[in-house]
Structure formats: structure tokens, C-alpha cells
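Numbering (my numbering), first residue to last: 159 to 419. Virtual Cβ for every residue (Gly too), placed ideally from N, Cα, C.
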């Protein structure tokens, strides 16, 4: 009995080794997956309708038709779209291609995923740094332009203020000068009027004297010749005429200088 038990265990061990060495292919949703070991096939949770093929079969079979896989089957309802046709058997080339695809690492643009994402990250960081530097440079340039503009405006304001102050000083000086000239002119007019008034007074007095002299020499009270008398009269008349003309000149000048009086 122990010998039979030992034989059963030996057979089960051989079966397990055989199953672990066998390679399976399955078809799910018209997509061929494999090769898969027996343990890997367990993880796929195949159903009774899953099409399976392994070396030694002439065609695909449902998993429920393969004795060694019945223990793996799960009660899963069949998909709405079942196989319209049995998928073709995998050829040696397709099997080799599948194995090569599994062994070949996934690449992007000729680079491994890790290298590609690392390079992409570095490129993005570089772009961000360049953009930030460009923005900072533009900000600094704008700030410099604003500062220069503000300084220029302040200088213009100072210059304009100086110009206005200079104009005010010039206007004040011109006003003072005009007032001075007006005062001097007024004083000169007053002085001249005073001189004319004084000269008129003197001329009037001299005219009265000349007229009196003319009256005296014109009388016959004095003893003299006719020739002397005429000469004295002419001389006295010339003085009267002179002072009369002088008075007219002074009065004309007076009225011209001071027409309101």
C-alpha cells in the first residue's frame, strides 16, 4: 500500500513538472496572449469558453475541453461577441516574435522609458528656467526704462521750474526797471516843468521891463536927437519881441509836456 501511495505521489509530481514546463496560448477578445506557463495561466482567470492552444494540439480548443485546465475554470459568462472564427494557430515565427517582444524593453523615440522621461523632465525644467529668466530680464528692462523715464521727467520738471522761475525774475526785473524809468521820466518832466515855470516867470518879468523900457524911450521927455530916439525905441522893441517869442516857446513846450494843465 505504501508503495502504491509512493507511486501516486511520484506520478502527481511528474504531472506537476510536466505542466510547469508546458507553454500555453490563449485568445481573449480576438487578442492572442502567450506563451504562458501553467502558473501564469492561473492568474489569467480563464473561463470555460476561453480558447486555448499548446504545442501538440492541431487546433484551438475551449478550456473546458482540456482536462488539465478544468480546475482553473471560473464561472464567467461568455462575452456578447463570441469568436466568429477560431483564431489561427501561432506559428514559430509569431511565437518567436512574441517572445522577442516580451524580452525587448519598451522604448520611446529609441530611448528607454526611464531615460526618455528623465530627458523630458530636464528639457521641461530647462524651458521653464529659460522662460523665467526671459520674463525676469524683460521685467528688469521695463523697470530700468521706467526708472529712466521717471528720472527724465523729473529733470524736465526741474528744468521747467527753473525756466518759470527765471521768467518770473526777468518779469520782476523788467517791472522794476519800467517803474524806475517811469519815475525818472516823471521826475524829469516835473523838473522840466518847474524849469519852464521858472523861465516863464523870469520872461514875463523881463517882458514887462522891456515894455516899460519901450514906453519910456517912446516918450518925448528925454532930450535927444531923433536918431537916438529911434535907435532906443528899436532896441527896446527888440527886447519886447524877444521875450514875447521866448514866452510863446516856453508855453508851447509846457503844454506839450503837460497837456492836462
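For residue 288, the uninterrupted alpha helix (DSSP H) run begins and ends at 271-376, by DSSP. Rounded to whole angstroms, the gap between the alpha carbons of residue 358 and residue 407 is 10 Å.
Secondary structure at residue 266: strand, using DSSP grouped into helix, strand and coil.
Sequence-distant Cβ neighbours of residue 208 in its own chain, meaning closer than 6 Å and more than five residues away, are 184, 221. Boundaries for residue 189: no alpha helix (DSSP H) harbours it, while the beta strand (DSSP E) harbouring it runs 189-194, taken from the DSSP string. According to the DSSP assignment, residue 184 belongs to the beta strand (DSSP E) that extends over 182-186. The region 385-392 makes no contact with the region 355-369; the number of CB pairs closer than 8 Å stays below 3. Note on geometry: alpha-carbon atoms of residue 370 and residue 346 lie some 35 Å from one another. Scanning its chain for C-beta atoms nearer than 6 Å, with the 5 sequence neighbours on each side dropped, one finds no residue around residue 322. Annotation: the continuous alpha helix (DSSP H) that includes residue 385 extends over 384-415. Per DSSP, the continuous beta strand (DSSP E) segment holding residue 211 begins and ends at 209-212.
Within the model, the alpha-carbon separation for residue 278 versus residue 267 is close to 12 Å.
Using a 10 angstroms sphere on the CB of residue 396, the tally of other CB atoms stays under 16, which defines it as exposed. Residue pairing of residue 203 in beta bridges, as defined by DSSP: absent, with no partner found. About 15 Å separates the Cβ atoms of residue 372 and residue 403, ruling out a contact at the 8 Å cut-off. Residue 214 and residue 201 have their C-alpha atoms some 23 Å from each other.
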